[in-house]
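In what follows, a single structure is set out as structure tokens and then discussed.
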Amino acid sequence: MNDAELYSIIRAPRVSEKTARLQEVSNQYVFEVANEATKADIKVAVEKLFAVKVEAVNVVNVKGKNKSFKFRSGRRGDWRKAYVTLAEGQSIDVMATA
61 MNDAELYSII RAPRVSEKTA RLQEVSNQYV FEVANEATKA DIKVAVEKLF AVKVEAVNVV
121 NVKGKNKSFK FRSGRRGDWR KAYVTLAEGQ SIDVMATA
């Protein structure tokens with residue numbers, strides 16, 4: 061796979077207080093990924109982009125919310141996030157890649 065395909069699988073890192081705690085406690089990183097990406101695709105993409113060893117990948121489908129603005133109501137799109145567990149002693153500098 062080339063870099064364009066890898067970046068189409070891994071869209072962006074998710075940075076929040078919860079994800080920062082996961083990084084410290086269990087060496088897990090959270091990424092927004094493509095809806096059609098599989099666990100194997102995500103593992104290969106993270107290993108090649110960041111030069112780390114991935115131990116496990118867990119994927120969650122997040123449903124979009126219904127929102128309204130003035131008199132219009134709409135719906136945010138569904139998206140997918142991946143919890144990536146790295147091998148012991150490995151890390152990713154998420155702030156530099158965000």
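Position one of the sequence shown corresponds to residue 61 (the working numbering), numbered consecutively onward.
No residue lacks a Cβ here, since even glycine has one placed at the ideal position from N, Cα and C.
In the DSSP assignment, what residue or residues form a beta bridge with residue i?
| i | result |
| --- | --- |
| residue 88 | 145 |
| residue 127 | 134 |
| residue 121 | 140 |
| residue 102 | Paired residues: none, contrary to the question. |
| residue 152 | Its beta-bridge partners do not exist; DSSP assigns none. |
| residue 112 | Looking at the DSSP assignment, residue 112 forms no beta bridge with any residue, so it has no partner. |
From the DSSP output, in three-state form, read off residue i for me.
| i | result |
| --- | --- |
| residue 77 | helix |
| residue 72 | strand |
| residue 65 | helix |
Beta-carbon separation of residue i and residue j under 8 Å?
| i | j | result |
| --- | --- | --- |
| residue 104 | residue 142 | no |
| residue 101 | residue 124 | no |
| residue 113 | residue 147 | yes |
| residue 115 | residue 145 | yes |
Counting only the same chain and skipping the five closest in sequence on each side, list residues whose C-beta sits under 6 Å from that of residue i.
| i | result |
| --- | --- |
| residue 140 | 93, 95, 121 |
| residue 97 | 69 |
| residue 129 | none |
Which same chain residues end up closer than 7 Å to residue i when comparing Cβ atoms and leaving out the 5 residues on each side of it in sequence?
| i | result |
| --- | --- |
| residue 136 | 124, 125, 127 |
Below 8 Å CB to CB, which residues in the same chain sit around residue i once its five sequence neighbours on both sides are set aside?
| i | result |
| --- | --- |
| residue 108 | 61, 66 |
| residue 150 | 87, 112, 113 |
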